[in-house]
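Everything on this sheet refers to the single structure shown next.
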Amino acid sequence: DTGVSQDPRHKITKRGQNVTFRCDPISEHNRLYWYRQTLGQGPEFLTYFQNEAQLEKSRLLSDRFSAERPKGSFSTLEIQRTEQGDSAMYLCASSSGQAYNSPLHFGNGTRLTVT
Amino acid sequence: AQKVTQAQTEISVVEKEDVTLDCVYETRDTTYYLFWYKQPPSGELVFLIRRNSFDEQNEISGRYSWNFQKSTSSFNFTITASQVVDSAVYFCALTLSNTGNQFYFGTGTSLTVIP
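Next comes the structure, spelled out in structure tokens:
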């Protein structure tokens, strides 16, 4: 069990640029989640995959955000035309078993700074 | 609507003191799970405990104990004989059986243990 891996750890970009983050979940986990965490707040749900299917998206996920999980393995989260308000820690998590009672296993996150 | 409240933003204790972190939740669902996570300075959220809504038995794990009371909608976390390594942000979270894809996190309590 190598844990959830996220890349990069840090990303600094200029407003208006596009960025893409990658998440590699624990290999036997079929569910993958993206959360966003801003300073002093708890993680906020963005989206969720079961295998390759994106089953739920938060209203926080504007049309500038897109997530994919091809072949039900790793996932990418892309933000287009970044804004300063997108600066946050982006957390990926994975789990197995029943959705509502299985603990999430989180990665170290990608910290995005938009200047 | 679902909500988790952690009223204590920051707590400081001297090493070896006991400390209790409060968590109050709101939901109209009768089947739900509660979780505690630890987020050390490294950033990765670490799962500590899960408790379902039908099990009010308190739990002890080493220096950690949890007190679940449905009557007051609280799920408090006590660290006995605190250590410097306990310094972290602690999050309480709620999931529901009918919307299990989403974890509702509180805003966290930052605990500093002073040597």
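Chains as they are written, first to last, in this note's numbering: chain C, 1 to 115; chain D, 1001 to 1115. Think of the CB as a built atom: it goes at the ideal place given N, C-alpha and C, for glycine as much as any other residue. If you're wondering where the values come from, they're calculated on a predicted model, not measured in any experiment.
Coil, strand or helix - residue i by DSSP
i, result
"Thr13 of chain C", "strand"
"Ser1071 of chain D", "helix"
"Asp7 of chain C", "strand"
"Asp1018 of chain D", "coil"
"Asp1055 of chain D", "coil"
Interface residues of chain E facing residue i [CB-CB closer than 9 Å]
i, result
"Tyr48 of chain C", "Here chain E cannot be found, since the structure's protein chains are C and D."
Nearest-angstrom Cα separation, counted from residue j out to residue i
i, j, result
"Met89 of chain C", "Arg69 of chain C", "20 Å"
"Leu46 of chain C", "Asp63 of chain C", "12 Å"
"Asn51 of chain C", "Asn1052 of chain D", "26 Å"
"Trp34 of chain C", "Cys92 of chain C", "5 Å"
"Ser96 of chain C", "Leu60 of chain C", "25 Å"
"Ser1082 of chain D", "Thr13 of chain C", "40 Å"
"Ala67 of chain C", "Asp7 of chain C", "15 Å"
"Leu55 of chain C", "Lys71 of chain C", "15 Å"
"Leu1096 of chain D", "Thr82 of chain C", "33 Å"
"Pro43 of chain C", "Asn108 of chain C", "13 Å"
"Ser102 of chain C", "Leu1094 of chain D", "11 Å"
"Thr76 of chain C", "Tyr100 of chain C", "23 Å"
"Ile1060 of chain D", "Ser1042 of chain D", "26 Å"
"Thr20 of chain C", "Asp1018 of chain D", "43 Å"
"Val1085 of chain D", "Pro1040 of chain D", "9 Å"
"Gly85 of chain C", "Asn18 of chain C", "14 Å"
"Asp1055 of chain D", "Lys1070 of chain D", "10 Å"
"Leu1111 of chain D", "Asn1076 of chain D", "14 Å"
"Thr1020 of chain D", "Gln1006 of chain D", "12 Å"
"Glu28 of chain C", "Thr115 of chain C", "38 Å"
"Phe1103 of chain D", "Glu1044 of chain D", "16 Å"
"Pro1115 of chain D", "Gly1062 of chain D", "20 Å"
"Ser94 of chain C", "Asp1022 of chain D", "27 Å"
Supposed contact pair residue j and residue i - C-beta distance, whole angstroms, cut 8 Å
i, j, result
"Phe976 of chain D", "Phe1105 of chain D", "Lying before the first or after the last residue shown, residue 976 of chain D is absent from chain D, which here runs from 1001 to 1115."
"His105 of chain C", "Gly16 of chain C", "So it is not a contact: roughly 34 Å between Cβ atoms."
"Arg22 of chain C", "Phe74 of chain C", "6 Å"
"Gln1057 of chain D", "Thr1027 of chain D", "At roughly 20 Å, the Cβ-Cβ gap does not stay under 8 Å, so Gln1057 of chain D and Thr1027 of chain D are not in contact."
"Val1113 of chain D", "Val1046 of chain D", "In fact, because the Cβ distance is near 16 Å, the residues do not count as touching under 8 Å."
"Gln1008 of chain D", "Thr1080 of chain D", "Actually they do not touch by this definition, with Cβ atoms about 17 Å apart."
"Tyr1032 of chain D", "Ser1073 of chain D", "That pair is no contact at about 10 Å."
* Contained alpha helix (DSSP H) runs [length at least 4] in the region 32 to 113 of chain C, N- to C-terminal order -> none
* Asked: Which residue spans inside the region 1023 to 1050 of chain D form an unbroken beta strand (DSSP E) run of at least 3?
  -> 1024 to 1026 and 1032 to 1039
* To do: Quick one: which residues of the region 51 to 82 of chain C get their C-beta closer than 7 Å to a C-beta of chain D? List them in chain order.
  => Leu55 and Glu56
* To do: Quick one: which residues of the region 82 to 102 of chain C get their C-beta closer than 9 Å to a C-beta of chain D? List them in chain order.
  => Met89, Leu91, Ala93, Gln98, Ala99, Tyr100, Asn101 and Ser102
* Of the residues that make up the region 11 to 29 of chain C, which ones have a beta carbon closer than 7 Å to any beta carbon in chain D? -> none
* Within 9 Å of chain C by C-beta, residues of the region 1025 to 1038 of chain D in sequence order -> Residues of the region 1025 to 1038 of chain D with a C-beta less than 9 Å from any C-beta of chain C: Thr1031, Tyr1032, Tyr1033, Phe1035 and Tyr1037, listed in chain order.
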